[in-house]
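For the record, in the sequence shown the residue sitting at position 105 is 108 according to the numbering used here, with numbers rising by one throughout.
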Amino acid sequence: SFAADFLGRLRTEWCAAIGDRTEEEVLLVVSELVTNADRHSNGPYILELEGTDATVAVTVYDSSATLPRRFPRDPQRVGRHGLEIVHVLAREVAAERVPVGKRVRAVLGFGGKE
Numbered sequence: 004s005f006a007a008d009f010l011g012r013l014r015t016e017w018c019a020a021i022g023d024r025t026e027e028e029v030l031l032v033v034s035e036l037v038t039n040a041d042r043h044s045n046g047p048y049i050l051e052l053e054g055t056d057a058t059v060a061v062t063v064y065d066s067s068a069t070l071p072r073r074f075p076r077d078p079q080r081v082g083r084h085g086l087e088i089v090h091v092l093a094r095e096v097a098a099e100r101v102p103v104g105k106r107v108r109a110v111l112g113f114g115g116k117e
């Protein structure tokens with residue numbers, strides 16, 4: 004996948020120490036944000052990945068101006084846990100309206116959330 008290839012390049016070009024668990028967490032955040040964009044917007048979306056030797060930022064732009072809602076924890080609820088998962092895994096999560104719709108950005112560290 005594009006995200007897995009990107010993490011591989013971070014390992015080789017930036018000497019980033021990305022463990023298997025961190026890679027799984029980044030791929031899960033990518034999946035959740037892209038799924039949300041696909042499900043909640045009527046148009047195309049853009050996935051942007053930025054990385055250093057210590058962090059990776061996952062940003063998704065989509066055509067909907069409606070900002071995502073984070074629901075209260077409810078283990079009985081079926082679905083709608085994606086943003087909850089992203090908040091648990093990321094150091095920072097931000098959503099904002101942009102001229103094309105909205106941008107959701109999550110920053111993950113390679114040493115855990117810290």
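For each residue, glycine too, the CB sits at the ideal point set by N, CA and C.
Measure the C-alpha to C-alpha separation of residue i and residue j and round it to an integer number of angstroms.
{"i": "V96", "j": "V29", "result": "13 Å"}
{"i": "E117", "j": "R94", "result": "In this predicted model, E117 has a pLDDT of only 45, less than 50, meaning its place in the structure is not dependable; the value taken from the coordinates is given anyway. For E117 and R94, the distance between alpha carbons rounds to 7 Å."}
{"i": "T62", "j": "G82", "result": "22 Å"}
{"i": "D77", "j": "E87", "result": "10 Å"}
{"i": "N45", "j": "V110", "result": "26 Å"}
Please list, in chain order, all residues of the same chain as residue i whose beta carbon is under 6 Å from its beta carbon, the five residues on each side excluded.
{"i": "F74", "result": "R83"}
{"i": "E51", "result": "T62"}
May I ask which residues mark the beginning and end of the alpha helix (DSSP H) holding residue i?
{"i": "R33", "result": "Note that residue 33 is Val in the sequence shown, not Arg. From DSSP, the alpha helix (DSSP H) with V33 extends over D23 to H43."}
{"i": "A6", "result": "F5 to E16"}
Can you pull the DSSP bridge partners for residue i?
{"i": "A109", "result": "V61 and V96"}
{"i": "V103", "result": "DSSP, once it has assigned bridges, lists no residue as partnering V103."}
Take residue i and list the residues in its own chain whose beta-carbon comes closer than 8 Å to its own, dropping the five residues that flank it on each side.
{"i": "A57", "result": "A19, G112, F113 and G114"}
For a minimum of 3 consecutive residues, which ranges assigned as the beta strand (DSSP E) are wholly contained in the stretch 49-98?
58-65, all fully within the stretch 49-98.
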